[in-house]
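Protein chains in written order, with the numbering used here: chain A, 1 to 219; chain B, 220 to 438; chain C, 439 to 793; chain D, 794 to 1148. Ideal Cβ placement from N, Cα and C applies to all residues, glycine included. Contents: one structure, followed by commentary.
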Amino acid sequence: MDRAMGGAPAVLTGSAVRRWVEKSAKVLAENRAYLTDLDSPIGDADHGNNMDRGYKAVLEKLPESDDIGELLKAVAMALISKVGGAAGPLYGTLFLQASKPLTGVREMDGAALAQFFDDAVAGVKMRGRSDAGMKTMLDTLIPAAEAFRQANGDGDDLAAALRAAVDAAEAGMKATIPMRAQRGRASYLGERSIGHQDPGATSSYLILQALADVVAEAP
Amino acid sequence: MDRAMGGAPAVLTGSAVRRWVEKSAKVLAENRAYLTDLDSPIGDADHGNNMDRGYKAVLEKLPESDDIGELLKAVAMALISKVGGAAGPLYGTLFLQASKPLTGVREMDGAALAQFFDDAVAGVKMRGRSDAGMKTMLDTLIPAAEAFRQANGDGDDLAAALRAAVDAAEAGMKATIPMRAQRGRASYLGERSIGHQDPGATSSYLILQALADVVAEAP
Amino acid sequence: MKKLINNAEDVTVEQLQGFGIAHSDIEVQFDPNFVNVVGGAKDRVAIVSGGGSGHEPLHGGYVGMGMLDAACPGQVFTSPTPDQMFAACKAVAGDQGVLQIVKNYTGDVLNFQMAADMLRDDGIDVRNVIIDDDVALKDSLYTAGRRGLGTTVIAEKVCGAASQEGWDLDRIAALCKKVNLYGKSMGMALTSCTTPQKGSPTFDLGEQEMEIGIGIHGEPGIERTAIKSADEITEILANHILEDEAYTRNLSEWNAEKGEWVDVETIDITFEDGDEAIAIVNGMGGTPVSELYTVYHKLAEVAGRHGVKIVRNLVGNYITSLEMAGVSITLVKADDEILRLYDAPVNTPALRWGI
Amino acid sequence: MKKLINNAEDVTVEQLQGFGIAHSDIEVQFDPNFVNVVGGAKDRVAIVSGGGSGHEPLHGGYVGMGMLDAACPGQVFTSPTPDQMFAACKAVAGDQGVLQIVKNYTGDVLNFQMAADMLRDDGIDVRNVIIDDDVALKDSLYTAGRRGLGTTVIAEKVCGAASQEGWDLDRIAALCKKVNLYGKSMGMALTSCTTPQKGSPTFDLGEQEMEIGIGIHGEPGIERTAIKSADEITEILANHILEDEAYTRNLSEWNAEKGEWVDVETIDITFEDGDEAIAIVNGMGGTPVSELYTVYHKLAEVAGRHGVKIVRNLVGNYITSLEMAGVSITLVKADDEILRLYDAPVNTPALRWGI
Ligand SMILES: Nc1ncnc2c1ncn2[C@@H]1O[C@H](COP(=O)(O)OP(=O)(O)O)[C@@H](O)[C@H]1O
Ligand SMILES: Nc1ncnc2c1ncn2[C@@H]1O[C@H](COP(=O)(O)OP(=O)(O)O)[C@@H](O)[C@H]1O
Ligand SMILES: [Mg+2]
Ligand SMILES: [Mg+2]
Ligand SMILES: [Mg+2]
Ligand SMILES: [Mg+2]
């Protein structure tokens, strides 16, 4: 990884993306029961299992390549073919949509990563016919994408901008607690969905945090 | 009721038999849950309901007659047609068998009652292919019949002889606790039937006690 | 108690009312309660069974063309009364007589025998065949004998088909006895059931415990053990069945010459290498049918290992114990005659094919 | 957790293996997992459905002559993946195309749409019809819309019969949409179910509580109330169905001309005096079938009070939620066309008649 001043990497390389995917798989495995428990009171008690199963498949399918577009497309296809449920197509589309402009790209700077987040959000919105405030993964992803773009514009290095994104993601995730769900299974509960943290918003937070960690730990 | 010295009745009249039936119905209704609970660990949790349902039907069918044979036959037929399970045919046969020599009889002395108990026991043994020590109602009925015959032979009055029968019945009932069942549903449990009081032995005890009470309270 | 009922006292009647209007080929009668096919059995042998309620679809669900002509439902887990059986048999019997198929529980046996006596007095020819196929119980001397389990369903199906073919009463009774000797079953429970009358579980079973060798009345089984995997459970049940030795006992039977009920020594078959069988993997009421397929998968393997080939199967809830979770396995050795009769058309609420 | 399973991770595969060997007319494929009729749909439209496992007999139990040609089982309560659906449709489709019958859950809809896109790219003509019949949910703007419940079973039956009659794809798709507009359902739970993966109940329900307006994934319902009698529960569910107003929502549909998925405004029927209906009184998996008859009895009365006559009924476990105790009611308005197709022969593990 190239480093800007202070030793923080200035770009995200293909190998860092691979480490991100591996770290995500590890974190989702560790949080499997937690995510499934979150999916119990307002869902069908499978989100942790879905994500864990999906990322296990991702690890098996991940190519040796450093082409970020190829890597993210592989993530997308593995999730689409292994997760099922709502999360499979949604996370699948997130990575598929975001991977499109990245074919042949081997490192991403801050601007590219900001675009990546925006594309990711757009993919989920399109697939899920959903938006901010509906108590979904978008309530994590949208503030994270905005915070990243802001911090990057303010001149923060990658690690700092990702920290800002993760902070916004965490706030967004927690903000789902008082929300009334309008999409996904939780929406069936109406008022009774209030008071519970959204499982998809939580898995999105964990995946973003994995990215920030990978960049922060970068050699 | 005719009375021997001391005011205790010397014979059991038809109207006393009717009071016995009514008292039995009352006692079985009161002990419905108790008998059903006894039938849970070693049976199918219905004995109290069976007996209560049966005696409710008996009350409806009981003729105005003072003919003891007619009364007891009515008891038998109502039990047979309303109880079902093992208890229905067994109690039904008990009363049917014992009623046979009593057609046209309007009062029973001690000797007649001793015969009644023996016939009752014979009826159950025949219908159930069972005997003492198998953890059934016979473990109450057999010692009661024997104690009654003994006390009556010793010159006890009806009330005293019935008290002796009830005491023997109680002991017999309690003696079913350590027994291993060899008939009825409890026999399926083998060793595990040990340690539980038999529900049928208990309902037999309650019915005998009702008779003793009726005779003791007799006006 | 969590049940879809109105009044614990009346559940049987409530349910029969719904059953009656749901199935237009079947009539439901009250006081005494029984279920019968419209039209009865006229020119053929009537096949009648019955038992406590709570085992649905047994027996009412098997009333219909090619199976039972009438069924007598008792109170929950309580055998029906002789007057029900008498009325049911009278309602459907033509001049060919009645076969009573009786599961071996003290209450069922005694009540059906009383009913048979009443019918005989009334001039109706009646045979009374006991089904006692539960291999969990080894001895008959110190117990009430083996209970009637899933073989009952096959007996009802096969005898119903024989009646449709016009067999006479003695031949159908002999067939029914053969099916009983050919059939072996064993069950287990993961949970107790709760009868409406009692309102709490009949027995307590820890979260890590199961009961092996249960009957169908919520009564505890012959052994309580730590919970095991579906494959292990299936091995236990299937091996008991497949390795069961020839079971000898006396079964009560009406002797027309002597004019009394007599004990007849009766000996089961044992399964042999090369046998074909009809299998039932039966849910006890509260187990999802999907789980039964895991059991079926293992059962086919264990049977195969013993040289027994399953040529027909029923996987589902056929003889239940209210909402109990658990499974029973039945294997009935199948010869050509049994298979042909089994395959014959049947049209009942719970079993239907060929029509 | 008390289940007849070996490994919580593999339950779906374990069960499919047993299902495959139990039913000789049906094949089971693995990796990707699906169930298909031997021979596929060659000269007629293939009917395919699928969804999470745990709802058995839905959908695999409805694969067979006159109903589904293939079914894709997902993990327990998790919709299957597009590659399963793609492979299943490829396996059974002839040159008449494929109808996908999709229950309206976000995951099912998204995955089936992705599969439809893949199939279209592969040159297979595909229609995708959504079933959203759960009247418990009133609005579609602030929710994921009404869920798919029991009407799915009738849609599968009727479309399977139309395929046997040789209808073309557009006509069957129109029929399927009609059945959806004609069908309304609502369910309730007395207990939660437990998924094998989680191992403990999905939601907690007190001994005196019930959930009204549940789906089929062990998700809580729209309201929690004190437990009521079977008659009261039936009144609530039946009245919601019978008095449901015309429900308007957008359903996603492939527009071949535009080459994209478009929203089509769709409006349900309301039940009117004089209507005939097919009724399902469906057990959620852990409720004895006997109790369902009490519900059916009351349902027939309530429907009659609204002038609706039940002309066909299914009483049993047809679309379940593992071992959940509870019931759902479905009424599908039946015109002559629907009735004729409903009555046509069907031979599947879970539904069979006329053959
Ligand atoms: N329409 C949607 N748009 C965005 N996210 C959604 C949508 N529907 C559901 N989700 C997300 O998916 C998560 C549930 O995923 P999961 O439990 O794996 O799928 P399912 O709901 O099919 O069981 C929810 O917590 C929510 O964050
Ligand atoms: N063969 C028998 N002889 C005598 N008594 C018996 C016999 N079998 C059962 N019983 C009695 O019947 C009682 C059970 O009656 P009940 O519960 O009403 O019938 P069931 O066992 O059919 O449910 C037992 O407790 C026992 O006392
Ligand atoms: Mg979920
Ligand atoms: Mg009992
Ligand atoms: Mg009983
Ligand atoms: Mg799910």
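Contacts between P520/C and chain B, judged by CB atoms closer than 8 Å, involve I299, S300, P308 in chain order. According to the DSSP secondary-structure assignment, D1056/D is paired through a beta bridge with S1045/D. For T1018/D, the closest Cβ of chain A is not nearer than 8 Å. With a beta-carbon spacing of about 6 Å, Y1135/D and K950/D fall inside the 8 Å limit used to define contacts.
Using a cutoff of 7 Å, the CB of R127/A does not count as near ligand 3, since none of the ligand's heavy atoms is closer than that. For L257/B, no chain C residue has a C-beta closer than 8 Å to its own C-beta; the minimum C-beta separation is roughly 11 Å. CA-CA distance, D350/B to K344/B, rounds to 6 Å. In the three-state DSSP reduction, P362/B falls in the helix class (H, G or I). Shown in chain order are the residues whose CB sits closer than 5 Å to a heavy atom of ligand 3: D39/A, G43/A, D44/A, D46/A, H47/A. Excluding five sequence positions before and after W699/C, the CB atoms of its chain that fall closer than 8 Å to its own CB belong to Q551, S690, E691, W692, N693, given in chain order. For D265/B, the chain C residues whose C-beta falls within less than 9 Å of its own C-beta are G490, Q513, V514, F515, T516, T633, Q635, K636, H655, listed in chain order. Annotation: the continuous beta strand (DSSP E) that includes K977/D extends over 976 to 982.
Per DSSP, the continuous alpha helix (DSSP H) segment holding T93/A begins and ends at 87 to 99.
Distance from the CA of L38/A to the CA of E657/C, rounded to the nearest whole angstrom, comes to 39 Å. Each residue's CA atom was taken as its position, placing V830/D and V922/D some 21 Å apart. For W1146/D, the pairing in a beta bridge is given by DSSP as V1139/D.
Taking C-beta atoms as the reference points, A10/A and D154/A fail to come closer than 8 Å. Ranking A772/C, T672/C, G754/C by CA distance to the CA of V733/C puts T672/C first.
Sequence-ordered contacts of the segment 401 to 430 of chain B with chain C read Q401, R402, G403, R404, S406, Y407, L408, G409, R411 [C-beta pairs closer than 8 Å]. Not a single C-beta of chain D is nearer than 8 Å to the C-beta of R750/C.
Using a CB distance below 8 Å, the part of the segment 666 to 684 of chain C facing chain D consists of S667, A668, D669, I671, ordered along the chain.
Between R743/C and V770/C, the alpha-carbon positions lie close to 17 Å from each other. Nearest to I1071/D by alpha-carbon distance, out of T945/D, R1105/D, T1018/D, is R1105/D.
Leaving aside the five residues that flank E410/B on each side, the residues in its chain whose CB is nearer than 7 Å to its CB run, in chain order, R399.
If you check the CB distance, V946/D and V919/D do not come in under 8 Å. In terms of CA proximity to N542/C, R402/B leads the group R402/B, R237/B, E249/B, G233/B.
With contacts defined by Cβ atoms closer than 8 Å, M51/A and L71/A do not form a contacting pair. Residue environment for A111/A: exposed (fewer than 16 other C-beta atoms within 10 angstroms of its C-beta).
Counting only the Cα atoms, R609/C lies some 24 Å from F709/C. By the neighbour-count criterion, in which a residue is buried when 16 or more other Cβ atoms sit within 10 angstroms of its Cβ, Q646/C is exposed. Per DSSP, F515/C is not a residue of any alpha helix (DSSP H), being assigned neither H nor E. Using a 10 angstroms sphere on the CB of D925/D, the tally of other CB atoms reaches 16 or more, which defines it as buried.
Our two residues, A529/C and K480/C, have alpha carbons roughly 10 Å apart in a direct line. For the segment 124 to 137 of chain A, residues whose beta-carbon sits nearer than 7 Å to a beta-carbon of chain D comprise R127. Burial state of P520/C is buried, judged by a 10 Å Cβ sphere holding 16 or more other Cβ atoms. With contacts defined by Cβ atoms closer than 8 Å, I650/C and I665/C do not form a contacting pair.
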